[in-house]
Structures are given as structure tokens and as C-alpha cells.
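Engineer: This structure is in C-alpha cells; I'll ask about it shortly.
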Amino acid sequence: MHCLKRRAWALVLLLAAGVAAAQDTSTKSYTLANGMRLIVRPDHRAPTAVHMLWVRVGSMDEVDGVSGVAHVLEHMMFKGTPTVKAGDFSRRVAALGGRENAFTSKDYTGYFQQIPADRLEQVMRLEADRFAHNQWSDEEFRKELEVVKEERRLRTEDSPRARLSEALYAVAYTASSYRRPIVGWMNDLEALQPDDARAFYRRWYTPANAAVVVAGDVEPDAVYALAQKIYGDLSGPAVPERKPRQEPPQGGLRRLDFKAPAEQASVTLAFKIPSLAGAALQGPPDAASQDALALTVLAAVLSGYDNARLDRTLTQGPDPVADSAGAHCGLGDRGPALCMLFGVPATGKTAAQVEAALRAQVGLLAREGVAEAELQRVKNQWVASEVYQQDSVFNQARILGTHWAAGLPLDADALLIARLRAITAQQVQDVAARYFGDDELTVATLLPQPVDKNRKPRTATPGLRH
Amino acid sequence: MSGFHASLRAWALGLCALALQGTAQATLPIAHWSLASGAQVYLIHSPTIPMVDVQIDFDAGARRDPADQSGLANLTASSTAYGVRAQGGSPALDENALSDAWADLGASFGGSAGADRMSFSLRSLTEPAVLAKAVALAARQLGTPSYPEAPWLRDRPKLVASLKEANTRPATLAARAFSRAVYGEHPYGYESTEASLGRISVADMQRLHALSLRACNARLSIVGALERAQAERVAQALLALLPAGPCTPAAAVPEVAPLAAAHEERIAFASAQAHVLVGQPGVKRSTPDFFALTVGNHILGGGGFTARLTEEVREKRGLTYSVYSAFAPGLHAGAFTIGLQTRPDQADEALALVRQVLAQFVEQGPSPAELQAAKDNLVGGFALRLDSNRKLLDNLVNIAWNQLPLDYLETWGAQVERLTPADIRTAFARALQPQKMVTVVLGAQ
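In order, the protein sequences belong to chains A and B. The first sequence begins at 1 in the numbering used here and counts up one residue at a time. The second sequence begins at 1001 in the numbering used here and counts up one residue at a time.
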């Protein structure tokens, strides 16, 4: 501990005195003999590190009836191995001075510890142990499943906008597994069995489907040596075949209304758009990838900074149609991408009026294009944000892991910014004209209902409790 | 990033910083000086990334809001974004010209107010051409906002609508009931309402700005790639358009009254979860028990998956996704709060459990092993609290605002290390009276 305290102290002095050692902060990548990837990003500003284990499996890899299992398994990874009993993983990380957590998305599952850099080996050993030997009783599973159901109640059941979003994905997609919520349908959780989680673990948690990302005060080759020793001998099956489950063309507008107790309505327009292909960042981009990039620029022109177009036209003026409005276009995920336009009607205005106003703004871009000054403004923001995001070591590791999971190159961030900066006003105008018709559009509207304090909660309650 | 295993919760005692044992002999690298106006400036030079963060704090928080104009301090700060007056050779800017200017610079500036402080934050690249423009623009937005009426009249109904929306959510309703019961008439318990917003005009904002934002009252915290000399110029320039003074002491704000008796509120609500809150007025930041309560709360319910409340309510029984305890020490006694959400039929079971864990902790304090584990985590993980400019800024602001000694971080570890279980037990017994707490249960079945 004493050594640690001194090291921590050195941090302040380092930052203070401006004696930052000459550092090579370039990211290094290695592949272990068992197929596991290792990505290391040195950042010597402070004597800390973040260690993340990423698995390229998320809710999109689930099948009907066991939705939510990827996320439930993430919880169960804290519940023990033959040598570390339930809860001890967290206690041991805490004893090392660390912080830890985990996350599950549609595309990936990740586990992380933030630690003093000289504790890296210990957390690597703990992580490798549970990656290879996660084991728990049915009783532990049943308790933790209740925690996950509480999580779903907290984040989804009692949040009208979360439920609207859940309903939107379920309607927009038919074949793609993006139609299911990450946390799972409540009834699937109620029916989930311990062996469902164990089978998912055995199937997907295999070295060739995982990456370790380490960022912070570390030397890449030393981390490589550690990783070879700790992760290199783990074995596992080949990565299972993934069924593409490609979404067929939509072929017509879909609308859904969702009723929930609320004061404010809201409306979201989701247009299907192409995804960025990983190869497009390294070689000459294909046409679909170019369009995906141009759509990201389009979303930034619409709402990428305070008082951008959507704010200015929908929420300002003497008689604003919306209380808030925004746009976001997906880009580099494993699954299909959507471009979303959304807004909350102002008091006395309707969702239909907001929908019309949002579409009118895209129409305006398609007809009149975008001003050079606006384009430059958006690009300036990206350039600055590249600098600001260096401040968080955690974020640097998270971005590297996300790119790995999506099959993008390690330097995807810089390549992406370079590609986005090259997008022209003409390209933005083109995609505005081509991607916002009705045929690939889903419109989801939240219809607010009066809050009835004595109504029975809509979720089934004690029935399936163990 | 949805589906997090647990909420990444702010550490229970807010901005306070952890440090290591005071073994280092080095001088802390915090520079502190006063400007001619009396403004206090604190600097940590962090040279690696070409960026800078500045926070400027004033004793002009919501605790000074008039009772019938709750929200005034925060609006006075945030409405500086509505535009700036003409200044020198520079023309006036309306809200859109101002936000375009910030976007063009790739920099950001904004204001807000909490219970104690009104705060303004600048983030900019340190590339000289950009920084000079960003500092000049920030000085204008801080010193000469135009407070036009039209955007406020336009935005007020939006705020009212979002208040009404929030009031349909169980978490908001439970928190408001809890706050009213804990704080009574004290300004810490004020909530903005349609009526209070309706009584706020831009003239009120202008008046509060003129009255409260004086250079002599400002505390600046700067972290980034600026040498002392550069930081001095930046500090001067940022405050250049504020009146230098005078700074006469503002009227004292009364203290939060202790609770006379236990108070339990049951609120009917149809939601998928009941919300349970238990607590009372806690402690002021200046309490001598600060360290004992900080570490004790880490053990009770502030320290991630290993805290007692998490262990008992979540890990052992699966009753909740999130359970926590927190102090909110400020210039006055902010609330001590225990909170959780659970299926409506489990609310009473969870409440009974929380009360039992709390009563036992207050009566017996932590075990020696629990205290050692907390010290290992807090002191051992000290560096994690200082490993970005953003985190350094939080620590610096804490020192600046609470007028802590410049060696605060140097001695913090020693303050933690020397705590005994008895210290924590006696501090909790002084601070908390479990038999006289507020309980709010919303949506139980």
C-alpha cells in the first residue's frame, strides 16, 4: 500500500510540474494464440489504468423467448467461480482501490475495472477467472433475476419514453434482432432459466470472441506479456456461426401509438438508412457508406449544437411548435441503422404538427442544401471534441472497445473524423433528398394519458416470484 | 450503454476529494492568488492536453431565492445564454448568434445554480487564437448578458410543461415529498412551480445579476495547459466586465431546523415500482465529523456493490436494483437520504430492512474489518479521483469554495487512516436520529 500511495502522489506532481514524460500514446493491438484480441492505449498522465474485457455478444445475438439473457448473464458474472464466491469479485476489486461495473448493449457486453496502474495484474487474473470459470447456483440466479426485473421496472416500465422507444424498435424491425429490448421482455425474464444463461455463456464467452482493452499508465509490450500469461492459455470453442437475420425492405410507412400516463406527447420518426462498412474507413468508401457518413453530418447540421436548425425553427419564434426537438443518425453498429427525428409538442400543438415540421426541415435541406458556415461549424465541433475526449482514459478505452465490437479498425475515430470532414454540402443535400421518404419510415407517437393514482400497476406482480 | 449492472453513482459526499497519507514532502501544485478586485484564483497546471477548464463560483445560489420566486438563481445563470449586450466595438449578440459563436470556437460556456452556488463553466482549446476569443466571449456572457424578454416568455411555458411532465413520474413525486418534509420552510426545500416561474421576470434576473455577480465575490478554479502567467491573464479577462465591487456581506440564511418527531408519508401511486426514501437534515460541510461521516457512509450505502445496504437489500434478497445512502453537506445541513425502488408489494419489507440496517449501523458503527476495507478502497484508489482534468477541477473547486487549506489533498489520507470504528459510531450518533426520521413511501401496495 505504501508504494501505491507514493505513486498516487506522483500523479499530482506530474500534472502540476508539467514534467509529463515523453510518451508514445499510439494504440497497440495484439492477437493472442487463442484468438483473443488485446488493445493497449498508453496514457501516462496519471498512475491509473482501466482494464476492460469486451465480448462480441449482445442482445442482438439472442433468440425469441430468451430476450434479456445477455444482460442477465452480465449480472451473473459477478456471482462467482469455483475459487471466488458470490460478491467476492467486487470485494477484491474494492480492496485493490478499484471501481468496477459492466454494461450490455445490442452489440456487445463489457466488464471494466478502474484501478491504480500497478494493480493491473490482479484484476486481469480476476477477470480471466470469471471469463473462463463463471459458476453459480440456481438460487443465486433466481435472486439476481429479481434484481434485473427491478432494473427493467426502473428504467423501462415506469418511463413512458423508454417504453415508446421499445415499441418503436419492435415495430420498425421484423427480421432483425434489433427489434428486442436489451433488458428483455418482462415475460421472457419471468420465464428465464438458469441453464439459459449458462448455455449463452458457454456458447459466446470464448477467447476468439473477446477483446481486452487496457488504457492508462501502462507499457503495451508489458501488458502483452501479462495478457499472454493470464489470458493466453484460456481455451474455448470456435465462435458460433451468426445468422445475419437481415431486415427485408420495409415497403411502406408504419405507425404506432403508445399510450402511457404522462403530460407531454412525443413523436419519433425513424428512417432506415445504410450502415458504415468497416472497410470503408480504410479503403475508398462504397456508396452506401458515403451516404451513412453524409447522414451523420446531416443530423449534426439539424441538432449538433445549441440552437441548430431544429431548435431554431421548431422551438423558437413567436408560436413554437415544439418544446424540444432533435436528430440522430446511427453509423457504425453491428446491426442495421436508423436515422431518428424527434420532438415534444409545445402546449396546444399536436404530434402531427411536430412530425410535419421535422419533415419540412429535412425537405428544406433537400431543396436548398446546407450553408458552408453551418458545415464548418459542425466540423469545428468534431475537431475540438477529439481533443476533449482525451481527458477521460475510461472513454478512450470505451471507444476502442466499441470499434472492436463493430469490426472497425483501431484508429476508426480519427479516420471517421477525417471522412466526416470530407463530406460536402452537396452530399448532405443528396442524402436529405433520398432517405426521408415514407417507405422505410416508422412513426411512433406517445399519447399521454391522465395519471390515475389508484389504478393497478400494469405489470404482473407476485405470480412468478421465487 | 444501456443495461448497466448498477448505476454509476456519484460518490455520496459529492465534491469532496480523497487523498493519501501526508507522507509526501512536496508542496501541492495548487497555485492560489487574489486579483486586485479580491477575486480568488486557484490553478492546477495540467500541460498534456491542449485544453482548459474554468469554473467560476459565486455565493448566489438558490438558498437566496425569494420564497415566491424559486428558480430565480438558476435562471439568472442559464439565461445568460439568451444574448449579450454590445461591448466596446463588438455588436450585441442574440441567443443564436451567441450559440453559433460558441459552436464556431468548438468551446462551451454556461451557467447554472445549485442550492449554495451560482456557477459558470468554460471549456476551450488552449490554441491561442481560440482561447483568446473564447475568454473574451465568456467575459461578455458572464458580465454583460442582455436578458431579453422574448426568449424568456417563450421558454417559460416549456419549463412549466416539463415540470408538469416530471410531476407524473414516481421518482419526482417521492423526492419532492421527501424534500418538503426534511427541509420544511428552509430554502433548501424550495421547488420551482408554475406559480414561482410565473413571478420571475427578466428584470428580476438582471437585478440579481447586478447585485450578486461582483468580481470581488468570484472564486475561479482553473485546470489545464496554462502556465501561471497565462492563467493570470485569463482570470483577469474573464472578470473584466463585472463590477469589481463593493462586496458587502449578504444577509445570513437561516439554518435547517432539526426534525421534532418522526414523520411518515404514504402516497398512493400506480407505478411498476414503489419509491422509498428515509432521512433527515444531515450535516454542514464544515462539520468536524466530515471525514468520519464520509467514510462511514461509504460503508453504509455509498460504496458500490460492497456497501451494507447494497449487500442486504440487493445482493442477499434481490429486492432492488439500486439502494444508496448519501449526505449532502453544504453551507447548511443538506439531507441525509437513503433511497430505493422496489416492486409495490415489497415496499414494506424493504423499508423495514433499511431501517434495521441503519439503526444497527448508528448504534454499533462499522466493524474493524469493514473500516479497513473502506480505507483500502478510498486511500488505495485515491489516484482515480485525480486522473483527468475534469476530476482535478472538481477537487480544486471543492478547495476554493470551502476555503480548504491548499494541502487539503495532502492530508486527506491521514485524516481517513486515523479514523477508528468508535469515531464513526460517535459521528453517526451525533448526526443521525433514526427514531426521528422522515419516511416517504410512494406507490406501495
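C-beta: ideal position from N, C-alpha, C; glycine also.
#1: Decide if A/Q114 is buried, meaning its Cβ has at least 16 other Cβ atoms within 10 Å, or exposed.
#2: Taking the CB atoms as reference points, tell me whether A/E150 and B/Q1445 lie closer together than 8 Å.
#3: Only counting the same chain, and skipping five residues up and downstream in sequence, which positions put a Cβ closer than 8 Å to that of B/S1367?
#4: Quick test of the definition: if touching needs 3 or more C-beta pairs under 8 Å, does the region 1043-1059 of chain B touch the region 1222-1232 of chain B?
#5: Note down the Cα distance separating B/G1301 from A/R45, rounded to an integer number of angstroms.
#6: Starting from the beta carbon of A/T296, find every residue of chain B whose beta carbon is closer than 7 Å, and list them in chain order.
#7: Label A/H51 either buried or exposed according to how many other C-beta atoms from any shown protein chain fall within 10 Å of its C-beta, with 16 as the threshold for buried.
#8: Cβ of A/L154 less than 8 Å from any chain B Cβ?
#9: Determine, using beta carbons only, whether A/R41 comes closer than 8 Å to chain B.
#10: Could you tell me whether any Cβ in chain A is nearer than 8 Å to the Cβ of B/T1426?
#11: Which residues of chain A have a Cβ atom closer than 7 Å to the Cβ of B/M1437, listed in chain order?
#12: In terms of alpha-carbon separation, which member of A/T350, A/A70, A/A327 and A/V344 lies closest to B/L1159?
#13: Rounded to whole angstroms, what is the Cα-Cα separation between B/R1176 and B/A1039?
#14: Could you work out which residues of chain C lie near B/Y1321, taking near to mean beta carbons separated by less than 9 Å?
#15: Would A/Q250 and A/E368 qualify as a contact pair, given that the criterion is a beta-carbon distance under 8 Å?
#16: Which whole runs of the beta strand (DSSP E) in the region 108-179 of chain A are 3 residues long or more, in chain order?
#17: In chain B, which residues lie less than 8 Å from A/T48 when you measure between Cβ atoms?
#18: Under DSSP, the beta strand (DSSP E) around A/R198 begins and ends at which residues?
#19: What does A/S303 touch in chain B if you count any residue whose Cβ is under 8 Å from its own?
#20: Measure from the alpha carbon of A/L447 to the alpha carbon of each residue in A/A325, A/L310, A/R161 and A/D311, then state which is nearest.
#21: Nearest CA to the CA of A/P336: which residue from A/W382, A/K28 and A/M60?
#22: Assuming the contact rule is C-beta atoms closer than 8 Å, A/M543 and A/I230 should be a hit. Round their C-beta distance to whole Å, please.
#23: Could you list the residues in the region 125-139 of chain A with a C-beta less than 7 Å from some C-beta on chain B, going in chain order?
#24: Does the distance from the CB of B/V1283 to the CB of B/A1431 come in under 8 Å?
#25: Classify B/R1314 as buried or exposed, calling it buried when 16 or more other Cβ atoms lie within 10 Å of its own Cβ.
#26: Just the C-alpha distance for A/A373 and A/G304, rounded to the nearest angstrom, thanks.
#27: Beta carbon of B/I1338, beta carbon of B/L1358: below 8 Å?
#28: Report yes or no: do three or more beta-carbon pairs, one from the region 1322-1334 of chain B and one from the region 1284-1296 of chain B, lie closer than 8 Å?
#29: Should A/S176 be flagged as near chain B, meaning a C-beta pair shorter than 8 Å?
#30: May I ask you to verify whether the region 1265-1280 of chain B touches the region 1435-1444 of chain B, counting CB pairs closer than 8 Å and requiring at least 3?
#31: May I ask you to report which of helix, strand or coil DSSP gives A/M77?
#32: Determine which residues of the region 357-388 of chain A have a Cβ less than 7 Å from any Cβ of chain B, and write them out in chain order.
#33: For the alpha helix (DSSP H) containing A/N395, name the first residue and the last one.
#34: Do you know offhand how far B/L1220's Cα is from B/K1436's?
#35: Consider the Cβ of B/A1373: report whether some Cβ of chain A lies at a distance smaller than 8 Å.
#36: Expressed to the nearest angstrom, what Euclidean distance is found between the alpha-carbon atoms of A/L310 and B/W1152?
Structural biologist: So, from the listed chains and residues:
#1: What you label residue 114 of chain A is simply residue 114 of the first sequence in a count that begins at 1. It counts as buried.
#2: On the first sequence, residue 150 of chain A is found 150 positions in, with the first residue counted as 1. On the second sequence, residue 1445 of chain B is found 445 positions in, with the first residue counted as 1. Cβ distance not < 8 Å, so A/E150 and B/Q1445 don't count as in contact.
#3: In the second sequence, residue 1367 of chain B corresponds to position 367, counting from 1. For B/S1367, where only same-chain residues beyond five positions count, the Cβ hits under 8 Å are P1421.
#4: yes
#5: Stepping through the second sequence from its first residue, residue 1301 of chain B is reached at position 301. Stepping through the first sequence from its first residue, residue 45 of chain A is reached at position 45. Going from the Cα of B/G1301 to the Cα of A/R45 covers about 31 Å.
#6: In the first sequence, the residue the question calls residue 296 of chain A occupies position 296. The premise fails here: A/T296 is roughly 17 Å from chain B at the closest Cβ pair, so nothing lies under 7 Å.
#7: Your numbering for residue 51 of chain A matches position 51 in the first sequence. Burial call: buried.
#8: Along the first sequence, one-based indexing puts residue 154 of chain A at 154. True, the Cβ-Cβ gap to chain B drops below 8 Å.
#9: For the purposes of this step, residue 41 of chain A is taken as the residue at position 41 of the first sequence. Chain B contact via Cβ: absent.
#10: The residue labelled residue 1426 of chain B in the question sits at position 426 within the second sequence. It does not: the Cβ of B/T1426 has no partner Cβ on chain A nearer than 8 Å.
#11: Stepping through the second sequence from its first residue, residue 1437 of chain B is reached at position 437. Here the premise fails: no neighbours, minimum Cβ distance about 24 Å.
#12: Stepping through the second sequence from its first residue, residue 1159 of chain B is reached at position 159. Nearest of A/T350, A/A70, A/A327 and A/V344 to B/L1159, Cα basis: A/V344.
#13: Here residue 1176 of chain B refers to the residue found at position 176 of the second sequence. Here residue 1039 of chain B refers to the residue found at position 39 of the second sequence. Cα to Cα, the separation comes out at about 36 Å.
#14: Of the protein chains in this structure, namely A and B, none is chain C.
#15: Working through the first sequence from its first residue, we reach residue 250 of chain A at position 250. Working through the first sequence from its first residue, we reach residue 368 of chain A at position 368. Taking 8 Å as the Cβ cut-off, A/Q250 and A/E368 do not qualify as a contacting pair.
#16: 109-116
#17: By 1-based counting over the first sequence, the position of residue 48 of chain A is 48. The answer, in chain order, is A1383, L1384 and D1387.
#18: To locate residue 198 of chain A, count along the first sequence from 1; it is residue 198. Here A/R198 belongs to no beta strand (DSSP E); instead the alpha helix (DSSP H) covers P194 to W204.
#19: Position 303 of the first sequence, counted from the first residue, corresponds to residue 303 of chain A. Within chain B, no residue comes near A/S303; the closest Cβ sits about 12 Å away, beyond 8 Å.
#20: Taking the first residue of the first sequence as 1, we reach residue 447 of chain A at position 447. Nearest of A/A325, A/L310, A/R161 and A/D311 to A/L447, Cα basis: A/R161.
#21: Taking the first residue of the first sequence as position 1, residue 336 of chain A is located at position 336. Among A/W382, A/K28 and A/M60, the Cα nearest to that of A/P336 is on A/M60.
#22: For chain A, the structure presents residues 1 to 466; residue 543 of chain A sits outside this window and is missing.
#23: none
#24: Residue 1283 of chain B sits at position 283 when you count from the first residue of the second sequence. Residue 1431 of chain B sits at position 431 when you count from the first residue of the second sequence. Against a cut-off of 8 Å, the Cβ pair of B/A1431 and B/V1283 comes out as a contact.
#25: For this step, residue 1314 of chain B is matched to residue 314 along the second sequence. B/R1314 is buried by the Cβ-count criterion.
#26: As a working mapping, residue 373 of chain A is identified with position 373 in the first sequence. As a working mapping, residue 304 of chain A is identified with position 304 in the first sequence. For A/A373 and A/G304, the distance between alpha carbons rounds to 14 Å.
#27: Against the second sequence, residue 1338 of chain B aligns to sequence position 338. Against the second sequence, residue 1358 of chain B aligns to sequence position 358. Yes; because the gap between Cβ atoms is below 8 Å, this pair is in contact.
#28: yes
#29: Taking the first sequence and counting its residues from 1, the one referred to as residue 176 of chain A is at position 176. No - not a single Cβ of chain B is within 8 Å of the one on A/S176.
#30: yes
#31: On the first sequence, residue 77 of chain A is found 77 positions in, with the first residue counted as 1. Coil.
#32: R377, N380, Q381, V383, A384, V387 and Y388
#33: In the first sequence, counting from the first residue as 1, residue 395 of chain A sits at position 395. Start and end: V393 to A405.
#34: The residue given as residue 1220 of chain B occupies position 220 in the second sequence. The residue given as residue 1436 of chain B occupies position 436 in the second sequence. C-alpha separation (whole angstroms): 40 Å.
#35: Reading the second sequence from its first residue, position 373 is the one you call residue 1373 of chain B. Answer yes: the Cβ-Cβ gap between B/A1373 and chain A drops below 8 Å somewhere.
#36: Residue 310 of chain A sits at position 310 when you count from the first residue of the first sequence. Residue 1152 of chain B sits at position 152 when you count from the first residue of the second sequence. C-alpha separation (whole angstroms): 19 Å.
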